[in-house]
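Chemist: Read top to bottom, the protein sequences are chains A and L. Numbering of the first sequence is given in full-length UniProt numbering, commencing with residue 1 and proceeding in unit increments. Numbering of the second sequence is given in full-length UniProt numbering, commencing with residue 1 and proceeding in unit increments. Backbone N, C-alpha and C define an ideal beta-carbon position, used for all residues, glycine too. Because the structure is a prediction, the values reported are computed rather than measured.
Protein chains: 2
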Amino acid sequence: MKRPTMKDVARAAGVSPMTVSRAVSGEPGVSPGTAARVEQAVRQLGYQRNDNARNLRRKNPTTSTIGLVVDDLANPFYALMARSVEDEAHRRGCLVLVGSTNDEPRREREVIAAFTARQVDGLLLVPTIGGHGFLRQPMEGGTRVVCVDRPAKGLAVDTVTVDNRAGAERAVRHLLGQGHTRIAYLGDRFGIWTQRERHAGYLDALGAHGLPEDPALVRHELRSRSDAAAALAALRGLERPPTALFTTNDVITMGVMGALGDGDRVDVVGFDDFPLADRLSTPLSVVSQDPVALGATAAQLLFSRIDGDRSAPRSVVLLTRLIVRGPGRAGS
Amino acid sequence: MKRPTMKDVARAAGVSPMTVSRAVSGEPGVSPGTAARVEQAVRQLGYQRNDNARNLRRKNPTTSTIGLVVDDLANPFYALMARSVEDEAHRRGCLVLVGSTNDEPRREREVIAAFTARQVDGLLLVPTIGGHGFLRQPMEGGTRVVCVDRPAKGLAVDTVTVDNRAGAERAVRHLLGQGHTRIAYLGDRFGIWTQRERHAGYLDALGAHGLPEDPALVRHELRSRSDAAAALAALRGLERPPTALFTTNDVITMGVMGALGDGDRVDVVGFDDFPLADRLSTPLSVVSQDPVALGATAAQLLFSRIDGDRSAPRSVVLLTRLIVRGPGRAGS
DNA sequence: GTCGGGGATGGGAACGTTACCAACTCCGAC
DNA sequence: GTCGGAGTTGGTAACGTTCCCATCCCCGAC
Numbered sequence: 001m002k003r004p005t006m007k008d009v010a011r012a013a014g015v016s017p018m019t020v021s022r023a024v025s026g027e028p029g030v031s032p033g034t035a036a037r038v039e040q041a042v043r044q045l046g047y048q049r050n051d052n053a054r055n056l057r058r059k060n061p062t063t064s065t066i067g068l069v070v071d072d073l074a075n076p077f078y079a080l081m082a083r084s085v086e087d088e089a090h091r092r093g094c095l096v097l098v099g100s101t102n103d104e105p106r107r108e109r110e111v112i113a114a115f116t117a118r119q120v121d122g123l124l125l126v127p128t129i130g131g132h133g134f135l136r137q138p139m140e141g142g143t144r145v146v147c148v149d150r151p152a153k154g155l156a157v158d159t160v161t162v163d164n165r166a167g168a169e170r171a172v173r174h175l176l177g178q179g180h181t182r183i184a185y186l187g188d189r190f191g192i193w194t195q196r197e198r199h200a201g202y203l204d205a206l207g208a209h210g211l212p213e214d215p216a217l218v219r220h221e222l223r224s225r226s227d228a229a230a231a232l233a234a235l236r237g238l239e240r241p242p243t244a245l246f247t248t249n250d251v252i253t254m255g256v257m258g259a260l261g262d263g264d265r266v267d268v269v270g271f272d273d274f275p276l277a278d279r280l281s282t283p284l285s286v287v288s289q290d291p292v293a294l295g296a297t298a299a300q301l302l303f304s305r306i307d308g309d310r311s312a313p314r315s316v317v318l319l320t321r322l323i324v325r326g327p328g329r330a331g332s
Numbered sequence: 001m002k003r004p005t006m007k008d009v010a011r012a013a014g015v016s017p018m019t020v021s022r023a024v025s026g027e028p029g030v031s032p033g034t035a036a037r038v039e040q041a042v043r044q045l046g047y048q049r050n051d052n053a054r055n056l057r058r059k060n061p062t063t064s065t066i067g068l069v070v071d072d073l074a075n076p077f078y079a080l081m082a083r084s085v086e087d088e089a090h091r092r093g094c095l096v097l098v099g100s101t102n103d104e105p106r107r108e109r110e111v112i113a114a115f116t117a118r119q120v121d122g123l124l125l126v127p128t129i130g131g132h133g134f135l136r137q138p139m140e141g142g143t144r145v146v147c148v149d150r151p152a153k154g155l156a157v158d159t160v161t162v163d164n165r166a167g168a169e170r171a172v173r174h175l176l177g178q179g180h181t182r183i184a185y186l187g188d189r190f191g192i193w194t195q196r197e198r199h200a201g202y203l204d205a206l207g208a209h210g211l212p213e214d215p216a217l218v219r220h221e222l223r224s225r226s227d228a229a230a231a232l233a234a235l236r237g238l239e240r241p242p243t244a245l246f247t248t249n250d251v252i253t254m255g256v257m258g259a260l261g262d263g264d265r266v267d268v269v270g271f272d273d274f275p276l277a278d279r280l281s282t283p284l285s286v287v288s289q290d291p292v293a294l295g296a297t298a299a300q301l302l303f304s305r306i307d308g309d310r311s312a313p314r315s316v317v318l319l320t321r322l323i324v325r326g327p328g329r330a331g332s
């Protein structure tokens, strides 16, 4: 009923627990014959080492577990990132605890506290809009931290992001090049760093064309597909509705595309690519970022820190790609 | 540099470690004044309880951690399920370790072994095609197991699935009702239980119309979007190509829809709904299952087992819904 | 024959925490 | 004045493992 321990295995194999420890952990100094006897006892009892007890005692304790904290695991962008992180971790024999924050600072704190209480070796973090001073003490205690997708204000850690501002600028410039002058901006919370960056890129492009920002065309704080659909409806009710849309993440893009009718003549560029974005009845161009590369890069950075890299925090910026799709294009 | 322990807190607060333990864990029998002194010492030192050591010692040890093992976390279906599981776990103050198997029995074993070595309270498992006898010993040791999406052959555990066969039958019946008689089947590995069920449903519908299975129209073992696209190309090269397609999961559906040209006259019904499936340039009907309900149900079942429910294993079957979309329809 | 060395094995302590029990204080009741 | 009980506190052992050191054995070298 209870799980067998090394003592039980030792008794069954007629050796000391110490020898079992060595045999089970593959350390040298066990004769082949003894090792075989231990292995048989292990098999017979169905013994499995208790890694929690192990990590408690080991000289340099490491749980071989990292925590991944994202905004929303159900979002395909973060799902791809998570899978990529998991693959990288699996390659190192490491496990991944996941947590979604919904971008709520309180939930972020709870999740991170639960992770550090379990002695994770490191945290891969998509920071919420809240402060992150509470990370300082775990970091002094040895927990490594790497930020992905967004930096954490006032926290000196490695950060992996993409060129949000330049990507947004290119997207809006493309729309301007198509002759549009009334380009709406549909964004998530302005408190989120990526959103501020993308909004800045939007302004960059407008400004380069000598266009001022039209507050009526700018909508922030869209947290869901239905928020985005509602914002779209409001924009179309304007006296002079926009002729093009810039949507700043996949959720908003999906909300907008879902609400557009087939006959609608409006050009859309969205941040984030997604499956079949090239097969929609209304054409959709996208600023594509690579969540797999994002996750893999961040994970590698984290593991190099866990392995003892003490150099100054790095900031890695990956590039986005504008994919133009339209009636005349072959898609991509 | 090193993380403080209860001893350090005890020294700082001028009490015994035992009292710190009580105070930190909110147990009764600590005077308000002492509790306050302990709390201040905790804050000052940045102390956090080591839950691994705690669980080692506790009377009925529970790590408040469950393991979630899915085929592929990047698949939107499993991503939604994972998020739903995580929410359920969060509500209980429980953490979630995730692992993807790629449907490889070896990786499944590795992941599960790593999970049980860390003493997870339970496993939420999308079983691979491999055997699962290796789960018996952890289960005797107290690890609860619930299967989701598919049953595990020869394992007496709770299982949450959907009515795959009936859903597939309804999908193919719909195509037959549209006048199609050459309906291709594009499926994943036949070894996967859901795929066998969906294939059986396909045959049910054909049989009810007095149609035999045409081996030329049936393709198994499609593991990726490109596999699906290639299978589609091969089918269209047939002397008498199919006029309708039944695709048996989201990956295959996406592969097929991505490869279809805009002018193609072919009806498609796919298993699994996904965002904007109603906005594709080629209409797509789907058999929709609810991954959120699947995950939540399975998680609740698992937690009730962890809480001590020893009744006979249950088998829960959730219902699918056929969503018909076409040029004449409003979509859904 | 003694000695030395290397390989195998075991004993005891410790990791950070909690279970269990004992002890102490304080107070009212007999 | 003694007793008893409730409330608070501390000491000791133990959870399952590994680190450190000692021991034992065998064998070859002097």
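From the DSSP output, read off the bridge partner residues of Ser16(L).
Modeler: Taking the second sequence and counting its residues from 1, the one referred to as residue 16(L) is at position 16. BP columns for Ser16(L) are empty, so no partner.
Chemist: Looking at the structure shown, is Ala234(L) part of a helix, part of a strand, or coil, going by DSSP?
Modeler: If you number the second sequence from 1, residue 234(L) lands on position 234. Ala234(L) falls in the helix class under three-state DSSP.
Chemist: Using the C-alpha atoms, what's the distance from Phe134(A) back to Pro127(A)?
Modeler: For the purposes of this step, residue 127(A) is taken as residue 127 along the first sequence, with counting starting at 1. For the purposes of this step, residue 134(A) is taken as residue 134 along the first sequence, with counting starting at 1. Cα to Cα, the separation comes out at about 12 Å.
Chemist: For my contact list, Val287(A) and Phe271(A) are in at a C-beta cut-off of 8 Å; report their separation, rounded to the angstrom.
Modeler: Indexing the first sequence from 1 puts residue 287(A) at position 287. Indexing the first sequence from 1 puts residue 271(A) at position 271. Confirmed, about 5 Å.
Chemist: Which residue's Cα is closest to the Cα of Pro170(L): Arg182(L), Gly154(L), Ala200(L), Thr159(L)?
Modeler: In the second sequence, the residue the question calls residue 170(L) occupies position 170. Rather than Pro, the amino acid found at residue 170(L) in this sequence is Arg. For Arg170(L), the nearest C-alpha among the options comes from Ala200(L).
Chemist: By a C-beta neighbour count over all protein chains shown, 10 Å radius and 16 as the cutoff for buried, is Gly44(L) buried or exposed?
Modeler: By 1-based counting over the second sequence, the position of residue 44(L) is 44. In the sequence as displayed, the identity of residue 44(L) is Gln instead of Gly. With fewer than 16 Cβ atoms within 10 Å of its Cβ, Gln44(L) is classed as exposed.
Chemist: Would you mind working out which of Leu232(A), Ser226(A), Asn249(A), Leu155(A) sits nearest Ser315(A), comparing C-alpha positions?
Modeler: Stepping through the first sequence from its first residue, residue 315(A) is reached at position 315. Comparing Cα positions, the closest option is Leu155(A).
Chemist: Quick check: the stretch 180 to 189 of chain A against the stretch 149 to 165 of chain A, are there 3 or more CB pairs under 8 Å?
Modeler: Contact between the stretch 180 to 189 of chain A and the stretch 149 to 165 of chain A is absent, because fewer than three Cβ pairs lie under 8 Å.
Chemist: If the cut-off is 7 Å on Cβ atoms, which residues from the stretch 79 to 93 of chain L count as contacting chain A, listed in chain order?
Modeler: Result list: Ala79, Leu80, Ala82, Arg83, Glu86.
Chemist: Determine the extent of the alpha helix (DSSP H) in which Val304(A) is found, giving its start and end residues.
Modeler: Taking the first residue of the first sequence as position 1, residue 304(A) is located at position 304. The sequence shown places Ser at residue 304(A), rather than the Val named in the question. That run of the alpha helix (DSSP H) goes 291 to 306.
Chemist: Using the C-alpha atoms, what's the distance from Pro4(A) back to Ser21(A)?
Modeler: Taking the first sequence and counting its residues from 1, the one referred to as residue 21(A) is at position 21. Taking the first sequence and counting its residues from 1, the one referred to as residue 4(A) is at position 4. Spanning the two alpha carbons is a distance of roughly 13 Å.
Chemist: Does the pairing of the stretch 251 to 266 of chain A with the stretch 221 to 229 of chain A give three or more beta-carbon distances under 8 Å?
Modeler: The answer is yes - the stretch 221 to 229 of chain A touches the stretch 251 to 266 of chain A, with three or more Cβ pairs under 8 Å.
Chemist: From Arg75(L) to Leu280(L), what does the alpha carbon distance come to, in whole angstroms?
Modeler: Indexing the second sequence from 1 puts residue 75(L) at position 75. Indexing the second sequence from 1 puts residue 280(L) at position 280. Note on residue identity: the sequence assigns Asn, not Arg, to residue 75(L). Those two C-alpha atoms are separated by around 19 Å.
Chemist: Pairs of beta-carbons, one from the stretch 135 to 146 of chain A and one from the stretch 195 to 214 of chain A, closer than 8 Å: are there three or more?
Modeler: Segments in contact, no.
Chemist: Please name the residue in Arg118(L), Ala168(L), Thr248(L) whose C-alpha comes closest to that of Arg54(A).
Modeler: Sequence index remark: in the first sequence, residue 54(A) carries index 54 (1-based). Nearest option by C-alpha distance: Arg118(L).
Chemist: Taking Pro105(L) as the query, report the chain A residues whose CB atoms sit under 7 Å from its CB, ordered along the chain.
Modeler: The residue you call residue 105(L) lines up with position 105 of the second sequence. What Pro105(L) touches in chain A: nothing, since even the nearest Cβ is about 15 Å away.
Chemist: Around the Cβ of Ala113(A), are there at least 16 other Cβ atoms within 10 angstroms (buried) or fewer (exposed)?
Modeler: Counting from 1 along the first sequence, the entry for residue 113(A) is found at position 113. Exposed.
Chemist: Looking only at its chain, what residues have a beta carbon closer than 7 Å to the beta carbon of Val157(L), apart from the 5 residues adjacent to it on each side?
Modeler: In the second sequence, counting from the first residue as 1, residue 157(L) sits at position 157. Here the set comprises Val145, Val146, Cys147, Pro313.
Chemist: At which residues does the alpha helix (DSSP H) containing Ile323(A) begin and terminate?
Modeler: Locating residue 323(A) in the first sequence gives position 323, counting from the first residue. That residue, Ile323(A), is in no alpha helix (DSSP H); its beta strand (DSSP E) goes 321 to 323.
Chemist: Look at the alpha carbon of Gly328(L) and the alpha carbon of Gln300(A), and state the distance between them as a whole number of angstroms.
Modeler: As a working note, residue 328(L) is residue 328 in the second sequence. As a working note, residue 300(A) is residue 300 in the first sequence. Confidence in Gly328(L) is poor, its pLDDT being 45 and thus under 50, which makes the residue's placement too unreliable to answer from.
Chemist: So which of Leu203(L), Arg49(L), Gln195(L) has the shortest CA-CA distance to Glu221(L)?
Modeler: Indexing the second sequence from 1 puts residue 221(L) at position 221. The shortest C-alpha separation from Glu221(L) is found at Gln195(L).
Chemist: Using the Cα positions of Pro138(L) and Val292(A), report the straight-line distance between them to the nearest angstrom.
Modeler: As a working note, residue 138(L) is residue 138 in the second sequence. As a working note, residue 292(A) is residue 292 in the first sequence. In a straight line, the C-alpha of Pro138(L) is about 34 Å away from that of Val292(A).
Chemist: Using DSSP with H/G/I as helix, E/B as strand and the rest coil, what is Val317(L)?
Modeler: The residue given as residue 317(L) occupies position 317 in the second sequence. Three-state result, Val317(L): strand.
Chemist: Does Gly167(A) come out as helix, strand or coil in the three-state DSSP assignment?
Modeler: One-based indexing of the first sequence puts residue 167(A) at position 167. Helix, per DSSP.
Chemist: Comparing alpha-carbon positions, which option in Gly122(A), Gly187(A), Pro105(A) lies nearest His132(A)?
Modeler: By 1-based counting over the first sequence, the position of residue 132(A) is 132. Among Gly122(A), Gly187(A), Pro105(A), the Cα nearest to that of His132(A) belongs to Pro105(A).
Chemist: Confirm, please, whether the CB-CB distance from Ala79(A) to Gly295(A) is below 8 Å.
Modeler: By 1-based counting over the first sequence, the position of residue 295(A) is 295. By 1-based counting over the first sequence, the position of residue 79(A) is 79. No, the Cβ-Cβ distance between Gly295(A) and Ala79(A) is not below 8 Å.
Chemist: Going by DSSP, what residue range makes up the alpha helix (DSSP H) through Ile112(L)?
Modeler: Residue numbering aside, residue 112(L) sits at position 112 when the second sequence is read from its first letter. 105 to 117 is the extent of the alpha helix (DSSP H) around Ile112(L).
Chemist: Taking Thr116(L) as the query, report the chain A residues whose CB atoms sit under 7 Å from its CB, ordered along the chain.
Modeler: Residue 116(L) sits at position 116 when you count from the first residue of the second sequence. The answer, in chain order, is Gln48.
Chemist: Check whether the Cβ atoms of Ile66(A) and Ala35(A) lie closer than 8 Å to each other.
Modeler: Here residue 66(A) refers to the residue found at position 66 of the first sequence. Here residue 35(A) refers to the residue found at position 35 of the first sequence. In this structure, Ala35(A) does not lie closer than 8 Å to Ile66(A) by Cβ.
Chemist: Taking 8 Å as the CB-CB limit, is Gly141(A) close to chain L?
Modeler: As a position in the first sequence, residue 141(A) is number 141, starting the count at 1. Closer than 8 Å to some Cβ of chain L, the Cβ of Gly141(A) qualifies, so yes.
Chemist: Any idea if Leu260(A) is buried or exposed, counting beta-carbon neighbours within 10 angstroms, 16 or more meaning buried?
Modeler: In the first sequence, counting from the first residue as 1, residue 260(A) sits at position 260. Under this definition Leu260(A) is a buried residue.
Chemist: So which residues on chain A does Gln137(L) lean against when the C-beta distance must stay under 7 Å?
Modeler: Translated into positions along the second sequence, residue 137(L) becomes position 137. What Gln137(L) touches in chain A: Gly46.
Chemist: Give the straight-line distance between the Cα atoms of Ser31(A) and Arg57(A), rounded to the nearest whole angstrom.
Modeler: Residue numbering aside, residue 31(A) sits at position 31 when the first sequence is read from its first letter. Residue numbering aside, residue 57(A) sits at position 57 when the first sequence is read from its first letter. Their backbone Cα atoms lie some 25 Å apart in a straight line.
Chemist: Using three-state DSSP, classify Ala41(L) as helix, strand or coil.
Modeler: On the second sequence, position 41 is the one that residue 41(L) refers to. The answer is helix: DSSP assigns Ala41(L) an H, G or I state.
Chemist: Could you tell me whether the Cβ atoms of Leu302(L) and Leu95(L) are closer together than 8 Å?
Modeler: Numbered from 1 along the second sequence, position 302 holds the residue referred to as residue 302(L). Numbered from 1 along the second sequence, position 95 holds the residue referred to as residue 95(L). Taking 8 Å as the Cβ cut-off, Leu302(L) and Leu95(L) do not qualify as a contacting pair.
Chemist: Report back the beta-carbon spacing between Val38(L) and Thr19(L) to the nearest angstrom; my notes put them in contact at under 8 Å.
Modeler: Locating residue 38(L) in the second sequence gives position 38, where the first residue counts as 1. Locating residue 19(L) in the second sequence gives position 19, where the first residue counts as 1. At roughly 7 Å, the Cβ-Cβ gap stays under 8 Å, so Val38(L) and Thr19(L) are in contact.
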